[in-house]
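**Student:** Residue numbers (the numbering used here): 14 to 770.
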Ligand code: ZN
Ligand code: ZN
Ligand code: FE
């Protein structure tokens, strides 16, 4: 017979699923000697306790202070309720699929308790796959829901008696830790170098250590794919890895032994340090303090730095001599990171000469995520390990919506009720192997999250493969297809993240994006809602002589901008840039501009950054995406408030800007050009937003687009706008680059559907 009594319900929202939250509540309740229950719901975790008000209050406070590291507690609400009699405290399993979905957690870096166990737990001393409910692989090993061991790539490993006992014991830190394992029952590493095979983690670490010390490199299987590793202080080693990987100039990420070692080489502020040390353990773009091997970042003033996140990294750093190793994705250039052991043997053995793998499969690929901090704001450059597939944004009902994303840096997004699930970073889907990865990941998300599409949404660009994919999906399944303008989608991604309602000013500084007038857009001032937009103004159009060739060769944009502002009579030879370009090519490109052939029109802000970087001779030909803007930002060391003149007359006119820049350069006074130019763009943003506010009364500004990966521009714009009373919103959970587009597409489509119904 049920006895009804008074008790308390505590409801917790935030990131509280799939992070060991319920076992934590269980242990807490047990330590308080309380009876009751805990259950997951799609909107949070619900705890019922038989206790008095005072105890419920203390319990709620303890939830906030003691929650697992990977949990983010947003709110804790207590209310009195009627409870039945309980014989103890129990954890109830999730019932509906929407509830289990939220349990797919990102992968979590090894926790401090496990690092302690690594030296003291008899069954797990030096065990490279040690984990508990608070840490370990998650997304990368999941095959299906619910998240149970049998549905992960741990399934083939039978638990030993001890692990099984811990797995079943509610009070244990490894209660229901699906990847639980130990030295006697879990996965193991194996090293292969030519015909040599090394087993045992101590032998393997020793071998790697000697190899790195001798300037060699190693391919090693990480959480979400293979990495390539070499000593980051050995220039010969880094240069030779770069050569064999065929990665010309793009900076390599570096893993440091610990935060102290990292801080010897990089400047890390408080916010940066806490992000580096967070369970997500992303790569952080930090300002360099002391040089590593010069081939690591080829003259940029930043380092992509990270800290050990797998137990094996900690074990390795105990024995290797160097405090810093290059740790870059193991792939052939532009292809997805390798996850299969066979592909690693075939493709990475020739590159590194040594492959270290383990006998657990990676089911879902995840690159290292890349983050940059601008003050306390995180700018996600690449969103993958440690972030995906955590739901993002605040949405109207988005059930059944498939948002295909863009073309480069692609991520797609699916809607499940009011949640947006972004795929991990996929990459440039023009690459054939990456395209396969895209299709494969869509199938995986569909089955994992039991997703049945009812609406497809894509970019307006007629040639994007993602658009073709969405189109085919719509046709096959007879779904409506919605097309969203690229920069409206960028704006909507910020609107989605912050749950903004009504009209906002959208400032989108971007590389490229298909515009409704057939030109390439990318410096957009929009009046935007979630569903729609109006184009207020933009930078004037410039020709892109040679189309894509002008992206690859920033000097062409420099020529185009000066030609457009000053005509053919301009003294191009007064600038060193043009004196050094082969005459034949200069004539050919000038001819293209004169006749307007093969020269699409662009107003992409990225192209203007390209032009200025080229004029300064910082990057005349780009060897990787965004190289010119990165070098320009890197060169903007000197602080100044000065900016160049410009005018707004229908569109934003830059001829005075270019005239002043060219003048500075011709006078050999180019030191301040990068800083002044960044300030100019921020000043343009401020003035145009001011004009829009005057016209419309709007004072909320959303900033997005790939150019806002530029920290200097973002910080300056944020500063100027907020000084003038604007409320400014930026992307925090998804990248401002095209990796965030799918979220905006999803919101725009969901909102249009909502309005139509
Ligand atoms: Zn742990
Ligand atoms: Zn075991
Ligand atoms: Fe874009």
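Just so you know, even glycine gets a beta-carbon here, dropped at the ideal spot from N, CA and C.
#1: Taking the alpha-carbon positions, what's the residue 23 to residue 613 distance?
#2: Using a Cβ-Cβ cutoff of less than 6 Å, which residues in the same chain neighbour residue 769 once the five nearest sequence positions on both sides are dropped?
#3: Return the Cβ separation of residue 718 and residue 396 in integer angstroms, given the expectation that the two are a contact with Cβ distance under 8 Å.
#4: Between the stretch 638-653 and the stretch 681-697, can you find at least three pairs of beta-carbon atoms closer than 8 Å?
#5: Rounded to whole angstroms, what is the Cα-Cα separation between residue 736 and residue 387?
#6: Once the 5 residues before and after residue 801 are set aside, which same chain residues still bring their CB inside 7 Å of it?
#7: Is the beta carbon of residue 1 within less than 7 Å of some heavy atom of ligand 3?
#8: Can you tell me which of the three DSSP states residue 598 falls into?
#9: Under three-state DSSP, which class holds residue 160?
#10: Below 8 Å, can you find three or more Cβ-Cβ pairs linking the stretch 616-627 to the stretch 551-570?
#11: With a threshold of 8 Å, are at least 3 pairs of Cβ atoms found where one atom belongs to the stretch 323-340 and the other to the stretch 348-360?
#12: Run the proximity test for residue 195: is its beta-carbon closer than 7 Å to any non-hydrogen atom belonging to ligand 1?
#13: Say yes only if the C-beta of residue 175 is nearer than 7 Å to one or more non-hydrogen atoms of ligand 2, and no if none qualify.
#14: Who are the Cβ neighbours of residue 235 in its own chain at under 7 Å, not counting the five residues just before and after it?
#15: List the endpoints of the continuous alpha helix (DSSP H) containing residue 732.
#16: Using a threshold of 8 Å, state whether the C-beta atoms of residue 426 and residue 419 are closer than that.
#17: Please list, in chain order, all residues of the same chain as residue 374 whose beta carbon is under 7 Å from its beta carbon, the five residues on each side excluded.
#18: Give me whichever residues DSSP pairs with residue 325 in a beta bridge.
#19: Mind listing, in chain order, the residues whose beta carbon lies closer than 5 Å to a non-hydrogen atom of ligand 1?
#20: Does at least one heavy atom of ligand 2 sit under 7 Å from the Cβ of residue 243?
#21: Taking residue 704 as the reference, which of 670, 663, 430 and 722 has the closest Cα?
#22: Report whether the distance from the Cβ of residue 503 to the nearest heavy atom of ligand 3 is below 7 Å.
#23: Would you tell me roughly how many angstroms separate the C-alpha atoms of residue 365 and residue 325, rounded to the nearest one?
#24: Have a look at 124, 282, 138 and 521 and flag the residue whose alpha-carbon is nearest the alpha-carbon of residue 390.
#25: Do you know offhand how far residue 146's Cα is from residue 269's?
#26: Which term fits residue 280, buried or exposed, when burial requires 16 or more other beta carbons within 10 angstroms of its beta carbon?
#27: Check whether the stretch 50-69 and the stretch 85-105 touch, using three or more Cβ-Cβ pairs below 8 Å as the test.
#28: Would you grab the beta carbon distance between residue 31 and residue 118 for me? Rounded to a whole angstrom, and I think it's under 8 Å.
#29: By a C-beta neighbour count over all protein chains shown, 10 Å radius and 16 as the cutoff for buried, is residue 259 buried or exposed?
#30: Hey, quick one: how far does the alpha helix (DSSP H) through residue 258 stretch, first residue to last?
#31: Evaluate residue 587 with the Cβ neighbour count: other Cβ atoms within 10 Å of its Cβ, from every protein chain shown; 16 or more gives buried, anything less gives exposed.
#32: Out of 311, 434 and 264, point me to the one whose CA is closest to residue 297's CA.
#33: Identify which residue in 141, 48 and 74 has its Cα closest to the Cα of residue 102.
#34: Would the beta-carbon of residue 198 be found less than 7 Å away from any heavy atom of ligand 2?
#35: Should residue 551 be counted as a contact of ligand 3 given a C-beta to heavy atom distance under 7 Å?
#36: Which value, in whole angstroms, describes the spacing of the CA atoms of residue 245 and residue 207?
**Tutor:** In brief:
#1: 59 Å
#2: none
#3: Not a contact, Cβ separation roughly 16 Å.
#4: yes
#5: 17 Å
#6: Outside the shown range of the chain (14 to 770) lies residue 801, about which nothing can therefore be said.
#7: This structure cannot speak to residue 1, because the chain is shown only from 14 to 770.
#8: helix
#9: DSSP places residue 160 in coil when its eight states are reduced to three.
#10: yes
#11: As far as the Cβ criterion goes, the stretch 323-340 does not touch the stretch 348-360, which means the pair count is below three.
#12: no
#13: yes
#14: Contacts found: 323.
#15: 724-736
#16: Taking 8 Å as the Cβ cut-off, residue 426 and residue 419 do not qualify as a contacting pair.
#17: 166
#18: In the DSSP output, where bridge partners are listed per residue, residue 325 has none listed.
#19: 124, 127, 145, 147 and 148
#20: Answer for residue 243: no, Cβ out of range of ligand 2.
#21: Checking every option, the nearest Cα to that of residue 704 belongs to 663.
#22: yes
#23: Cα atoms of residue 365 and residue 325: separation of roughly 19 Å, rounded to the nearest angstrom.
#24: Per the Cα distances, 282.
#25: 26 Å
#26: An exposed status is given to residue 280, since fewer than 16 other beta-carbon atoms sit within 10 Å of its beta-carbon.
#27: yes
#28: 3 Å
#29: Exposed.
#30: 248-258
#31: exposed
#32: 264
#33: 48
#34: yes
#35: no
#36: 24 Å
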